[in-house]
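This report concerns only the one structure given below.
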Amino acid sequence: MADKEGLVLPVSERDTHNALSDNSTAVKEPSIAESVWISSSMSKTREMLFVGTVCMAQFCTRTFCALSPSRLVTMLPSCHLAILPFSHSNMVTNLRLYTEAAYMGTLVLLRKIGRSFGVADPAQLAWLVAGYSLTVGTFILISGRLGDIFGYKTMLIVGFAWFSLWSLVSGLSVYSDFTLAVFSRVLQGIGPALCLPNALAILGSAYPPGSHRKAMVFACFGAVAPIGGVCGGVFGSLLAMAWWPWALWAMAIWLAVLAVAAYLIIPKPPQRKEEPRSLRAWIVALDAPAAVVGVTALILFNFAWTQAPISGWRTPTVIVPLILGLLLFAGFAYMELKMSEHPLLPFDAFKPDICFVLAALVCGWATFGIWTLYLVQILEDVRGLSPVLTSVYFAPVVFAGAVAAFITGKLLGPLQVRPALVMMMALTAFTIGIILTSFAPVHQIYWGQIFVSMLVMPFGMDMSFPAATLTLSNAVAKQHQGIGASLVNTVVNYGIALGVGIAGTVEVNVRGSSDSSDDRFDGFRSGLYTGIGLAGVGMATCVVFLFKRHNVHQDAQAVNLCSH
Numbered sequence: 018m019a020d021k022e023g024l025v026l027p028v029s030e031r032d033t034h035n036a037l038s039d040n041s042t043a044v045k046e047p048s049i050a051e052s053v054w055i056s057s058s059m060s061k062t063r064e065m066l067f068v069g070t071v072c073m074a075q076f077c078t079r080t081f082c083a084l085s086p087s088r089l090v091t092m093l094p095s096c097h098l099a100i101l102p103f104s105h106s107n108m109v110t111n112l113r114l115y116t117e118a119a120y121m122g123t124l125v126l127l128r129k130i131g132r133s134f135g136v137a138d139p140a141q142l143a144w145l146v147a148g149y150s151l152t153v154g155t156f157i158l159i160s161g162r163l164g165d166i167f168g169y170k171t172m173l174i175v176g177f178a179w180f181s182l183w184s185l186v187s188g189l190s191v192y193s194d195f196t197l198a199v200f201s202r203v204l205q206g207i208g209p210a211l212c213l214p215n216a217l218a219i220l221g222s223a224y225p226p227g228s229h230r231k232a233m234v235f236a237c238f239g240a241v242a243p244i245g246g247v248c249g250g251v252f253g254s255l256l257a258m259a260w261w262p263w264a265l266w267a268m269a270i271w272l273a274v275l276a277v278a279a280y281l282i283i284p285k286p287p288q289r290k291e292e293p294r295s296l297r298a299w300i301v302a303l304d305a306p307a308a309v310v311g312v313t314a315l316i317l318f319n320f321a322w323t324q325a326p327i328s329g330w331r332t333p334t335v336i337v338p339l340i341l342g343l344l345l346f347a348g349f350a351y352m353e354l355k356m357s358e359h360p361l362l363p364f365d366a367f368k369p370d371i372c373f374v375l376a377a378l379v380c381g382w383a384t385f386g387i388w389t390l391y392l393v394q395i396l397e398d399v400r401g402l403s404p405v406l407t408s409v410y411f412a413p414v415v416f417a418g419a420v421a422a423f424i425t426g427k428l429l430g431p432l433q434v435r436p437a438l439v440m441m442m443a444l445t446a447f448t449i450g451i452i453l454t455s456f457a458p459v460h461q462i463y464w465g466q467i468f469v470s471m472l473v474m475p476f477g478m479d480m481s482f483p484a485a486t487l488t489l490s491n492a493v494a495k496q497h498q499g500i501g502a503s504l505v506n507t508v509v510n511y512g513i514a515l516g517v518g519i520a521g522t523v524e525v526n527v528r529g530s531s532d533s534s535d536d537r538f539d540g541f542r543s544g545l546y547t548g549i550g551l552a553g554v555g556m557a558t559c560v561v562f563l564f565k566r567h568n569v570h571q572d573a574q575a576v577n578l579c580s581h
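Here the sequence shown stands for residues 18 to 581, numbered as in our numbering.
Following this line, the structure appears as structure tokens:
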């Protein structure tokens, strides 16, 4: 069995698998001096292959979001907006989990899928998106713990293989029926949910805290997201022109190759002697009761929030799941704080800096989700662009994202800039980007405000995600890197879900029942205005926190002067 401490090589064997023994009460973390960091033993070539392979988890998740039918929203009437689960992924999903081009090149694919199954109802087609995104956004919460227990490398390989298998089945559903297509999409989402946090945990446990290389590697991980999104949008649209299953089969082949590459390239964790374990020991180590409650709460909450613009906030189909979800959240928090021996959430890491970073992250990624959603709709629905051309319009985010990632790596690495200040820069970029898009004239040329927003928004994404991930990675123990990565991805996913849910509700109320081009545009713009408000809240959070930290620093200096 793989070492639960990931890629840190402990010298001592004295705490082997304490978390899985019945009488275990704590896991002793080896100090840095007692550990050998895998990155220090790799050649430059091996390290490049290692980082590249791990970053493919981010690339493929974003690529698949782009070539999956995620832009269903562009063909749905406004009343159906909320059945779309924008809790991807996707950075990270959403699904963490949606990235810069997460909705690109997929309208053609969706319509072709619908025609091949004889399904035209938007509510039914929405399940092709809903099933995938729901599993991505939900199971990320527990996949980090699975990596902590079974090994990050093992779970990354399992994630690649699972993702590949169900991508293949999803394509083969063309020979079956629509039910299999939806079912395969639901199971497909477990793949990226396993890949993302464990890929981050591998990087987090391979480099010592505070190292410059660790900052650059995390920045590179964020930089591949826009590249994957744009590639998925372009190639997904092109493959769909031939036959839509090839978009899925091509991804299945590539994921299978990555599973083999991960096995060969990622260093092997130290082998441990297998110890007897009881069922209770596994349940305690996995924190299974709390995991079930937490996952159920996330599902109910996500369903209620995304269903509200369809049914209305006062209907039982929204009120009941929302109340149950909130009650289960309270129960989950109580279980984690009072009952769990090995909680899923690292509460000991929730210092003021961490809470600030997570709050700013929610606002920033909510803004990003709104920006991507409504910009794509404006380009295609209002300006009449094709999916391929829309994908090409998003190409600048690749180059801007690479520059942003490099700058972020330097800021967090050699320059040692505080993550709080980097997060402030990120929220500033989010705010400027969505303001530019919100006030862009309908028929302005591409090289105007939209082009500039394409260059600015990646700085928000590629500064906020590495800053948050690096902060959590350095704050939690080495054996809990998977938990920290899961938390960041979950916050990103549900930040997008909340942001798009709020904006969707605003759009529905502004647009009303009218379907004219002007009214649709007014609805889209109202959604963008909502994003400006959320970005402003994020910036205000940053300003308050930085001001507070400045006062604390001044007080500390005054105390030091008095003591001397």
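Glycine residues also receive a C-beta, built at the ideal position from the N, C-alpha and C atoms.
Going by C-alpha to C-alpha distance, which of Ser222, Thr332, Ser357 sits closest to Arg297?
Closest by alpha carbon: Ser357.
Count the CB pairs spanning the stretch 471-489 and the stretch 429-447 that are closer than 8 Å, and state whether there are at least three.
Yes, the stretch 471-489 is in contact with the stretch 429-447.
What distance in whole Å lies between the Cβ atoms of Gly512 and Leu339, which are believed to be in contact at a cut-off of 8 Å?
Actually they do not touch by this definition, with Cβ atoms about 18 Å apart.
Helix or strand or just coil, what does DSSP make of Trp54?
In the structure shown, Trp54 sits in a strand (DSSP, three-state: E or B).
Assuming Thr407 is part of the alpha helix (DSSP H), what are its boundary residues?
404-410 is the extent of the alpha helix (DSSP H) around Thr407.
By the three-class DSSP mapping on this structure, what secondary structure does His460 have?
His460: coil per DSSP, three-state reduction.
Give the single residue among Met258, Trp179, Gly555, Gly188 whose Cα lies nearest to the Cα of Val594.
No statement about residue 594 is possible, as the shown extent of the chain runs from 18 to 581 and does not include it.
At the level of alpha carbons, what is the spacing between Ala321 and Ile336?
The alpha-carbon atoms of Ala321 and Ile336 are separated by roughly 7 Å.
Between the alpha carbons of Asn319 and Met59, how many angstroms are there, rounded?
Asn319 and Met59: Cα-Cα distance of roughly 42 Å.
Helix, strand or coil for Tyr280, going by three-state DSSP, please let me know.
Correct three-state label for Tyr280: helix.
Rounded C-beta distance between Ala417 and Pro475? I'm assuming under 8 Å.
Rounded, the Cβ-Cβ distance is 4 Å, consistent with contact.
Please state the DSSP three-state secondary structure of Pro209.
Helix, per DSSP.
Rounding to the nearest angstrom, what Cα-Cα distance links Ile451 and Ser503 in this structure?
C-alpha separation (whole angstroms): 27 Å.
Between the beta-carbon of Gly176 and the beta-carbon of Ala218, is there less than 7 Å?
Not a contact, by the Cβ cut-off of 7 Å.
Considering only residues of the same chain and omitting the five flanking positions on each side of Ile449, which have a CB-CB separation below 7 Å?
Excluding positions up to five away in sequence, the list reads Val473.
Exposed or buried, which one is Asn215 when buried takes at least 16 other CB atoms within 10 Å?
The residue is buried, with at least 16 neighbouring Cβ atoms inside 10 Å.
Closest by CA to Pro225, which one among Ser57, Leu211, Leu429?
It is Ser57 whose Cα lies nearest to the Cα of Pro225.
Compute the Euclidean distance between the alpha carbons of Trp263 and Cys212, then round it to the nearest angstrom.
Looking at the two C-alpha atoms, the distance is approximately 23 Å.
May I have the straight-line CA-CA distance separating Phe564 from Leu551, to the nearest angstrom?
Computed Cα separation, rounded: 20 Å.
Check Phe564 in the structure and name its three-state DSSP category.
Looking at Phe564 - three-state DSSP - the assignment turns out to be helix.
I need the DSSP call for Val71, collapsed to helix, strand or coil.
In this structure, Val71 counts as helix in the three-state DSSP scheme.
In terms of alpha-carbon separation, which member of Cys237, Tyr391, Arg162 lies closest to Lys427?
Cα-wise, what sits closest to Lys427 is Cys237.
To which residues of the same chain is Phe200 closer than 7 Å at the C-beta, ignoring the five residues directly before and after it?
Nothing listed; no residue qualifies.
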